[in-house]
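Novice: Take this structure first; my questions come after.
There are 2 protein chains.
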Amino acid sequence: MPEHLGKQTLRLGTPVHVAAGAAVVGKKEGEGPLSDCFDTVSQDAYFGQKTWEAAETALMRSCFTAVCAKAQLAPGELHYILAGDLQNQCTASAYAVRDAGIPFLGLYNACSTMGEALGLGAVLTACGAGTVCAMVSSHFCTAERQFRMPLEYGGQRSPTAQWTVTGAGAVILRAGGAGPCITHITSGRVVDAGVKDLSNMGAAMAPAALDTLLAHFSDTGREPDYYDAVITGDLGHFGHTLLEDLARQEGLRFSRTFTDCGMLVFDKTNQDVHAGGSGAGCSASVFAGHILRCLREGSWNRVLFAPTGALMSTVTNQQGESIPAICHAVAVENEGGEI
Amino acid sequence: MPEHLGKQTLRLGTPVHVAAGAAVVGKKEGEGPLSDCFDTVSQDAYFGQKTWEAAETALMRSCFTAVCAKAQLAPGELHYILAGDLQNQCTASAYAVRDAGIPFLGLYNACSTMGEALGLGAVLTACGAGTVCAMVSSHFCTAERQFRMPLEYGGQRSPTAQWTVTGAGAVILRAGGAGPCITHITSGRVVDAGVKDLSNMGAAMAPAALDTLLAHFSDTGREPDYYDAVITGDLGHFGHTLLEDLARQEGLRFSRTFTDCGMLVFDKTNQDVHAGGSGAGCSASVFAGHILRCLREGSWNRVLFAPTGALMSTVTNQQGESIPAICHAVAVENEGGEI
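For the record, the sequence lines run as chains Y and G. When we follow the working numbering, the leftmost residue of the first sequence carries the number 23, and every step to the right adds one. When we follow the working numbering, the leftmost residue of the second sequence carries the number 23, and every step to the right adds one.
Right, here's the structure in full:
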């Protein structure tokens, strides 16, 4: 049975295995430093569809098929799909699972949604509710149109802007079997530092990342160097530097084990992505591709995955509101880790 | 510990009490048949704010304050807030809980979100994860602008159209204490019957309601007349009639105990709402106001609450997609009900 540690953390108390993970991405992501980690790299941004929105649905559907195949289970053996994306009304997820015939729980915590899905999925699995698929996506073209401007406008990007990842990540969580275990989840609070610049999401999200990391280390009594890697969601290069500054002010030891999915997914020098990658599919595909691979190969044994999300919409931004942010942390450990 | 019954249902196996519920609504809802059940009826559609979006945030915040007061707990005693709404990127919820300082899990399953929140909240509570607030809202004016057209256009409504409820409902779920218990949850699958008419959501959602109700009765072995009331979400008058037809075809006994939040909340004859109420706040406020009151007063002892949701967006509709729908059912029973 799960047990509370401190105010924001649950120790799961029973092994919840990440039985399999799959990541499907677009061409640009496939040209980045993590290209080897992804199951499929599509050269077609439309994924065979006629609209960007349908493309993202196809992307998710292909990721779902891949993760079921890798876990060697038929979709019908799943008890729940927890899924989310960035489209208005989270339609990529709903349409992607339309034919799956499995209970669907839609989630939205912006780019931190993979952290939310892994956390809730792990609790469901830990308390006997069965085998769960957690799946999250984003698509550069749907996100640009929705959050910024239609691609055809060719808008300029500021240096702090990030590049929304075209990608989906999915994992299967199971009570028995093999694979690294989710051992602790630290669910985030909303933190609003007053940032209003839609082109500087890293600055809006860094304070939320700090809040959740401080809670995790305080609740668990662990030190940052307990983990081989502490990986935030999509702070990007600016947000990561800001988090380092904030952490120093709070006395949190910020070492070279700290990195960020938005920094890992693209090559800053050669890919013209300014401050790095972003989007709900950024942390999801980096988790399901890169992080799980490092855990499986044993180059890492203990990882704290802490994806971040910015909870505004273009409407609230145009109305002058600041950008609230959140970060959900999940500890994933190979056998030997305390569960 | 929760236990699976059949494919879609969890028997919670431990008492999860609805310790308190609060419902805050707008003027029109306050003039309807359930006016006595709501904690607050605001005469101001703006709830003291300058925009409709900020109004919905204020509505939710006032509902959150009310439910904490009724449960006699400080917000800091909560472990999680599970919340959702219909705005793009679910911003009403995120802004409403911005200052609460409690882990926030954002949910989106359209107008069925209260069913999803009660279900996930009940599992969290049942497995020791603490005290949970489940809260959902909608606002007529944000929804019209977002899903149909700006109010200023004065668009005509078709006879099958429904009226989005301006309202929020919130409940506190707790492992101990008093209050009716959530005993079973039946999580819905996505069902798409091919309906494309945004002005006939009842038709899109009725097949999903049927799917979940059939699963619930099959999984639990219960008959419809086990319940004093079986209350779907916001099918409205057309959708309810359609559900009755579909149920007959499937041999499901459809009696006078079947009703619908969208039919209950407005007076069809005198309130000019066409096919009835809709919106995520419809089922949420009817649950937290009317249904909990009937359970508490003992006029009902066993209720199956089954809110429905339509999972499209205006973009997917404009692209020619049909409307996928979902329904999450939650059994709520006074002491004596099997847990």
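Ideal Cβ positions, reconstructed from N, Cα and C, are used throughout, including at glycine. Being a predicted model, the structure only gives us computed values, none of them experimental.
Would you say residue 32(Y) reaches chain G, if we count a Cβ-Cβ gap shorter than 8 Å as a contact?
Specialist: Yes, contact with chain G.
Novice: I need the straight-line Cα distance from residue 105(G) to residue 226(Y), nearest angstrom please.
Specialist: 21 Å
Novice: Short of 6 Å in beta carbon distance, which residues of its chain neighbour residue 171(Y), apart from the five on each side in sequence? Order them along the chain.
Specialist: Taken in chain order, the residues that qualify are 177.
Novice: Residue 157(Y) CB to nearest chain G CB: under 8 Å?
Specialist: no
Novice: Which class does residue 245(G) belong to by DSSP, given the choice of helix, strand or coil?
Specialist: coil
Novice: Is the Cβ-Cβ distance between residue 355(Y) and residue 163(Y) less than 8 Å?
Specialist: no
Novice: Is it right to say residue 31(G) is buried, meaning 16 or more other beta carbons lie within 10 angstroms of its own, or is it exposed?
Specialist: buried
Novice: Between residue 263(Y) and residue 168(G), what straight-line distance do the alpha-carbon atoms span, to the nearest angstrom?
Specialist: 37 Å
Novice: Looking at the C-beta of residue 170(Y), does it have a partner C-beta in chain G at a distance below 8 Å?
Specialist: no
Novice: With a threshold of 16 other CB atoms inside 10 Å of the CB of residue 77(G), please say whether the residue is buried or exposed.
Specialist: buried
Novice: Against chain Y, which members of the segment 314-347 of chain G pass a CB distance test of less than 8 Å?
Specialist: 333, 334, 335, 336, 337, 338, 341, 343, 346
Novice: Going by beta carbon distance, what residues of the same chain come within less than 8 Å of residue 96(G), once the five residues before and after it are set aside?
Specialist: Cβ neighbours of residue 96(G) beyond the five flanking positions: 90.
Novice: Report yes or no: is there a C-beta of chain G within less than 8 Å of the C-beta of residue 151(Y)?
Specialist: For residue 151(Y), a Cβ of chain G is located within less than 8 Å of the residue's own Cβ.
Novice: Check the Cβ-Cβ distances between residue 136(Y) and every residue of chain G, and say whether any is below 8 Å.
Specialist: no
Novice: Over the uninterrupted alpha helix (DSSP H) stretch that includes residue 86(G), give me the two end residues.
Specialist: 74-92
Novice: Checking contacts by CB at 8 Å: is residue 112(G) closer than that to chain Y?
Specialist: yes
Novice: Taking a contact to mean a Cβ-Cβ separation below 8 Å, would you say residue 199(Y) touches residue 258(Y) in this structure?
Specialist: no
Novice: What does the alpha-carbon distance come out to for the pair residue 361(G) and residue 28(G)?
Specialist: Low per-residue confidence applies at residue 361(G): pLDDT is 42, beneath 50, and the placement is therefore not dependable enough to give any value.
Novice: How big is the Cα-Cα spacing for residue 129(G) and residue 118(G)?
Specialist: CA-CA distance, residue 129(G) to residue 118(G), rounds to 14 Å.
Novice: Using CA coordinates, which residue listed in 209(Y), 154(Y), 121(Y), 153(Y) is at the minimum distance from residue 135(Y)?
Specialist: 209(Y)
Novice: At what residues does the beta strand (DSSP E) containing residue 34(G) begin and finish?
Specialist: 31-47
Novice: Need the endpoints of the beta strand (DSSP E) that residue 155(Y) sits in, please.
Specialist: 154-160
Novice: Answer with buried or exposed for residue 291(G), where buried requires no fewer than 16 other C-beta atoms within 10 angstroms of its C-beta.
Specialist: Looking at its Cβ environment, which holds fewer than 16 other Cβ atoms inside 10 Å, residue 291(G) is exposed.
Novice: Using a Cβ-Cβ distance under 8 Å, would residue 357(G) count as near chain Y?
Specialist: At a cut-off of 8 Å between beta-carbon atoms, residue 357(G) makes no contact with chain Y.
Novice: Find the residues of chain G that neighbour residue 75(Y), judging by a C-beta separation of less than 7 Å, and give them in chain order.
Specialist: Residues of chain G whose Cβ lies closer than 7 Å to the Cβ of residue 75(Y) are, in chain order, 337, 338, 341.
Novice: Any Cβ of chain G within less than 8 Å of the Cβ of residue 278(Y)?
Specialist: For residue 278(Y), the answer is no, since every Cβ of chain G falls outside 8 Å of its Cβ.
Novice: On the DSSP bridge list, what partners appear for residue 206(G)?
Specialist: 33(G), 353(G)
Novice: Which residues share a DSSP beta bridge with residue 300(G)?
Specialist: 186(G)
Novice: Roughly how many angstroms lie between the CA atoms of residue 101(Y) and residue 38(Y), to the nearest whole one?
Specialist: 15 Å
Novice: Buried or exposed for residue 216(G), going by 16 or more other Cβ atoms inside 10 Å?
Specialist: Around the beta-carbon of residue 216(G), fewer than 16 other beta-carbon atoms lie within 10 Å, marking it exposed.
Novice: Would residue 372(G) and residue 54(G) be called neighbours here (beta carbons separated by less than 8 Å)?
Specialist: An answer regarding residue 372(G) cannot be provided, because it is not within the stretch 23 to 361 covered by chain G.
Novice: Just by C-beta distance, which residues in the segment 181-209 of chain G are closer than 9 Å to chain Y?
Specialist: 208, 209
Novice: So is residue 109(Y) in contact with chain B if we call contact Cβ pairs under 8 Å?
Specialist: Absence of chain B from the displayed structure is noted, the protein chains being Y and G.
Novice: Provide the residue span of the alpha helix (DSSP H) that contains residue 324(G), from first to last.
Specialist: Per DSSP, residue 324(G) belongs to no alpha helix (DSSP H); it is in the beta strand (DSSP E), 324-328.
Novice: Using a Cβ cut-off of 8 Å (strictly closer), state whether residue 25(G) contacts chain Y.
Specialist: yes
Novice: Would you kindly check if the distance between the Cβ of residue 346(G) and the Cβ of residue 83(Y) is under 8 Å?
Specialist: no
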